Structures are given as C-alpha cells and as structure tokens.
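Undergrad:
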Amino acid sequence: MSKVRVLAGTRKGAFILTADGKRDKWDVSGPHFAGWEMYHMKGSPADPNRIYASQTSGWFGQIIQRSDDGGKTWHQPGTPPGDAAKPPEMPKGESNKFAYDTSPETGKPLTTHQWYDGTQHPWEFKRVWHLEPSLTDPNTVYAGVEDAALFRSTDGGETWKELSGLRGHGTGPKWQPGAGGMCLHTILLDPKDPKRIYIAISAAGAFRTDDGGNSWKPINRGLRSQYIPDPNAEIGHCVHHVAMHKARPNVLYMQKHWDVMRSDDAGDNWREVSGNLPTDFGFVIDVHAHDPETIYVVPIKSDSEHYVHEGKLRVFRSKSGGNEWEALTKGLPQSNCYVNVLRDAMAVDSLDKCGIYFGTTGGQVYASADAGDSWAPIVRDLPAVLSVEVQTLP
Amino acid sequence: MIRVVLPPHLRTLAHVGSEVTVEVEGQATLRLVLDELEARYPMLRGTIRDHVTLQRRPFLRFFACEQDLSHDSPDAPLPDAIVSGKEPLIVLGAIAGG
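Listed in order, the protein sequences are those of chains L and R. Each residue of the first sequence is one higher than the one before, starting from 2 at the first, in this note's numbering. Each residue of the second sequence is one higher than the one before, starting from 133 at the first, in this note's numbering.
#1: What distance in whole Å lies between the Cβ atoms of L/LEU190 and L/ILE198, which are believed to be in contact at a cut-off of 8 Å?
#2: Could you list which residues in chain L have their beta carbon closer than 9 Å to that of R/VAL136, in chain order?
#3: Could you please give the first and the last residue of the uninterrupted beta strand (DSSP E) stretch that includes R/ASP212?
#4: Compare the beta carbon distance of L/GLY59 and L/LEU387 with 8 Å and say whether it is the shorter of the two.
#5: Per DSSP, what are the beta-bridge partners of L/HIS258 in this structure?
#6: For the segment 223-255 of chain L, enumerate the residues whose C-beta is nearer than 7 Å to any C-beta of chain C, in chain order.
#7: Looking at chain R, which residues of the segment 98-130 of chain L have a Cβ within less than 9 Å of any of its Cβ atoms?
#8: Applying the 10 Å Cβ sphere with the 16-neighbour rule, what's the burial state of L/TYR117?
#9: Based on Cα-Cα distance, which residue from R/MET175, R/ASP212, R/ARG193 lies nearest to L/GLU159?
#10: For R/ALA146, which of helix, strand or coil comes out of DSSP?
#11: What distance in whole Å lies between the Cβ atoms of L/PRO134 and L/TYR53, which are believed to be in contact at a cut-off of 8 Å?
#12: Closer than 8 Å by beta-carbon distance: list the chain L residues that pair up with R/SER142, in chain order.
#13: By the criterion of Cβ-Cβ separation under 7 Å, what are the contact partners of L/THR403 in chain R?
#14: Going along the chain, which residues of the segment 192-213 of chain R sit with their C-beta nearer than 9 Å to a C-beta in chain L?
#15: So what does L/THR393 bridge to, in DSSP terms?
#16: Return the first residue and the last residue of the alpha helix (DSSP H) that L/VAL146 is part of.
#17: How big is the Cα-Cα spacing for L/ALA47 and L/HIS246?
#18: Using only alpha-carbon positions, find the residue among L/ALA150, L/PRO78, L/LYS162, L/GLY166 that is nearest to L/PRO178.
#19: Which residues in the same chain have their Cβ closer than 6 Å to the Cβ of L/TRP27, if we skip the five residues on either side of it in sequence?
#20: Considering only residues of the segment 142-197 of chain R, which uninterrupted beta strand (DSSP E) runs meet the minimum length of 3 residues and lie entirely inside it, listed in chain order?
#21: Measure the Cβ-Cβ separation of L/PRO250 and L/PRO334 and say whether it is below 8 Å.
#22: Just to confirm my understanding: we take L/PRO89, look at its own chain, exclude 5 residues before and 5 after, and list those with CB closer than 7 Å. What are they?
#23: Classify L/SER68: buried if its beta carbon has 16 or more other beta carbons within 10 angstroms, exposed otherwise.
#24: How many Å lie between R/LEU138 and L/MET262 at the Cα?
#25: From the DSSP output, read off the bridge partner residues of R/MET133.
#26: Please report whether the beta-carbon of L/GLY94 lies at a distance below 8 Å from any beta-carbon of chain R.
#27: When the cut-off is 8 Å and only beta carbons count, does L/GLY158 lie next to chain R?
#28: In whole angstroms, what is the alpha-carbon distance linking L/LEU132 and L/LYS354?
#29: Would you please state the rounded distance, in angstroms, between the beta carbons of L/PHE61 and R/LEU142? I believe it to be under 8 Å.
#30: Relative to the alpha-carbon of L/ASN221, which residue among L/ILE301, L/ASN215, L/ASP212, L/TRP271 has its alpha-carbon at the smallest distance?
#31: Taking 7 Å as the limit between beta carbons, can you name the residues of its chain near R/ASP200, skipping five residues before and five after?
#32: Can you confirm whether L/ILE64, when its beta carbon is compared against all beta carbons of chain R, has any partner nearer than 8 Å?
#33: Run through DSSP, which three-state label would R/PRO139 get?
#34: Taking the C-alpha atoms as reference points, what is the distance between L/TRP37 and L/ASN97?
#35: Output, in chain order, the set of chain L residues within a Cβ distance shorter than 8 Å of R/GLU151.
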C-alpha cells in the first residue's frame, strides 16, 4: 500500500509525519534539529530517500542538512557526521557557504539593491528559504535565499554556485525587501522543459529563465499593486507564492500580497481570479494533483492582520481555475481561530483521492484525504509551522 | 592546548561535549583558534563567523578570563591563561529571542 511522508518545518525544529494510504493514522517523528528554525524541507522526486533541509538561526546562520534514508538520519553534505575531521581526508565544510557571485563575467558585479528608505543597500546572505530538488537528479538541488538570489548544487548540497544571471539581468537594483526580508521563496521547475525555471521574490515579482538559468526576465505583466508608486510596474510586486500543475506547466497560479492571479502563457500575462473570495490577501496557493483546474488558497484577513478572516479557518477551493471559490470547513475550526498559513506551508500528495496538507502558525498540521472535502489535524501543538511538503511513497 | 567552550546548539552540530580542545602553533590568537576549530569540526564553518567575510556573527561573543574579547582584533594574542589551558575561551550566544 502507498504511504505518505509529510515534512513539516517549524520555528523550533522539524517533524516528519507518516501514514499509510488511508491517511488516518499518523506516526510523528521529531523534533529534528530541535530549537532551530526549519524554513524548508523537500524530498527528491528522483530518490524519495534523499531529503534536503534548510536549518537556520539568528545566532548561528545557515546550515544545509541532508538525509539519504528518508529522514531517519541527517548530515551536512560533504561533512561526516560525528567525528572531528582527520587529515588527509579533511572535508571542506562548504555546504553552508552561499557566496554571491561578484565576478565581472557573470556577477557583473551586482552588489546593491533598494533598501526600505530608497537608498541602495549591499546584498547580504541571511538564510535559505526554499530548497527545490531536481526532478531527475538527486544530487542537483536549487536554493532560494535571502537576500534574494538563486543557487544550485550539483553535488548533493556539498557546494553551491549562484545562478547570477538572475540578480544581474538588470532589475536587481530595484528589488527591495518585503516585511519578511528580500527572499527568493518560490522555485518551479518545468517538467516538460528542463531549461525553464520560474522563481518569485518578495518584493520584486516573478521571473523566468528559458535557458537553464543563464538569462532571466521579469514576468509581471498584469500584476497590479496599489502600494507601490506605479501599480503596474515591471518590478516591485510582493508575490507571495506561485504554483503549477506538472501536466500543464504553462499555467501558473499566484497568490500575490493582495490578489489571486492566473497566467495561461508561462507568466507573460496575468489576470486576476480572486472572484468571490472573502479577502484576496494570503500566502499559500496550490494545485490539485490530478486536476490542473482545481486550486486551493487560505485567505488571510489583511496585510496588517495576518490571521484568517472572521476567526474561521477556511481553505477555499476553485474547480474552475479561479474566480468561483467554495469554502472548505469540515473539520476546521470555525470560531476563535486566528492563525496564519505561510507561503510554503501547503502541499498535495498524488494519491487518489488527492491529499491536501497545510500547517499553521498555531502549530497545527491539517490533512485532507479527500481533496479538501473534510479535514483532520495530524498534530495540534507544534511550534509555528513554516513549511509543509509531502512525499507520496510506493 | 586551548580549551574552547561552545554553546549548546554548536555542540549538537559538532557532536561534542561542552568543551573541546585545539592545538595552535606559535602565538595563539582568536583567528588561529577559530581556524583550527573549524578545521577539526568543519560542520561549524559559518556558524561562529561568516563563511565569506569571517566576521563574528552579531549574536555571538567571545569571553575569556572574565573579559569580552569580541571587539578585540582577531590577531591579538590571547591571554596567557587561555594559552596554557588554565581558563577556557568561551563562545557565547546572546541571551535573546523566544
């Protein structure tokens, strides 16, 4: 029977939740990396036992962790667990090193972006927000970092190299941090075109490469943001998350700061599909595993009140690719609930029926084994959930 | 032999107890001690000082012999009591956060 493995990153450690295909009885493992902020964990589609994790701390900086056994054991790539290094096989300890490319050939060298007060500010590495393993190679993985840049490792996370064409394509000096920092939080790999990658940055917008990461262009036409000087600007939109269905990678769905958006031409043009949502502010957005027109969001009251509307935790589902939305409430608290669901904290499995998972800032991880019709908490009292991913296992 | 006391999270990362020892050739300085510490425990690279700039992380401090060495030159000689092993060099995390 198939199994699912849910990877939950929280403010104070990581948790791994496993169940069989019925998805009604769960084993909980953790906390892994107790006390650390776990921004993201994600398994390799090419090797489900390979999981990458971003472990970070305001005190101690960024750590990359890797498991080769489905999350049972972890190590820093290239660094043996446990013992002190012994020459001559001294490991380099490079797996935590994210150095911006400032070479004249590729980095150009781009050194500043726009700061909150409008002045230019140096690029400073802070943390990895998102890890996106290659669809085909377990040793290739992309990292979206703050301050915003895209890195790639082709040796299982041992070393990282910036794809500096993104920062250097021309608009970089206009990027500026959102309230959560200037983070590259979304990485979508096109399953039909290995040279096409989409990324998104707060607060710059969405970008696309069609040549494997060498050159990039903004894809923000149609986005409208009232809070920036030119609401229709090419750059400066606070994109919160973007989602795609693997069978139809030209169609993108976006939860912007305000507005739920859709593109049918690989991001070249966007149109709003917020429709009858009670509020169109939010962070997460995801797509049903088997129906590219069925999408999910969790609306949040506003940008100044980061919790669900009317004290009700409601997932909204559209079966028409947006505009017409239905509230999914069965099993979710419908009074006195004031949690948020952060941008990387929703995932779908590929079982039939499709499972939907999300985590809240109140520490609950909810699961639906029927595509959202009904929900139940897997766990209720974790630290604030930063990210949720799920692996469907044979 | 120089004794170094690490904060709990770094002990977990390096799989060591509260105190480790390093050997430094020549005049011992903070830079040389950290170089040796990171060579022996490469999983700590980037956690005490920035990977690229080698600047001390803002929320960490270096204490020794009841003195705060955090703002001293990393190339200044360490106190004799540290060099002799009588007193440990303490890497301390700021008490902050939740």
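We put the beta carbon where it would ideally sit given N, CA and C, even for glycine. Predicted model, so just to flag it, every value in this text is computed and none were measured.
TA: With the given structure in hand:
#1: 6 Å
#2: Within chain L, no residue comes near R/VAL136; the closest Cβ sits about 12 Å away, beyond 9 Å.
#3: Looking at the DSSP string, R/ASP212 is not in any beta strand (DSSP E); the run it does join, the alpha helix (DSSP H), is 212-215.
#4: no
#5: In the DSSP output, where bridge partners are listed per residue, L/HIS258 has none listed.
#6: The displayed structure is made up of protein chains L and R, and chain C is not among them.
#7: LYS98, PHE99, ALA100, TYR101, PHE126
#8: exposed
#9: R/MET175
#10: helix
#11: 6 Å
#12: A small correction: the amino acid at residue 142 of chain R is Leu; Ser does not occupy that position in the sequence shown. Within 8 Å Cβ-Cβ: PHE61.
#13: It is not possible to answer for residue 403 of chain L, since the shown part of chain L is limited to 2 through 395.
#14: LEU192
#15: L/VAL5
#16: Looking at the DSSP string, L/VAL146 is not in any alpha helix (DSSP H); the run it does join, the beta strand (DSSP E), is 142-147.
#17: 18 Å
#18: L/ALA150
#19: LEU18, ALA20, ILE379
#20: 151-154, 192-196
#21: no
#22: Unreliable positioning characterises L/PRO89 in this predicted model, as indicated by a pLDDT of 48, which lies under 50. The coordinate reading is nonetheless provided below. So the list is empty, once near-sequence residues are dropped.
#23: buried
#24: 49 Å
#25: R/MET133 is not bridged to any residue.
#26: yes
#27: no
#28: 27 Å
#29: 7 Å
#30: L/TRP271
#31: ARG193
#32: yes
#33: coil
#34: 15 Å
#35: Neighbours of R/GLU151 on chain L: none; closest Cβ ~13 Å, over 8 Å.
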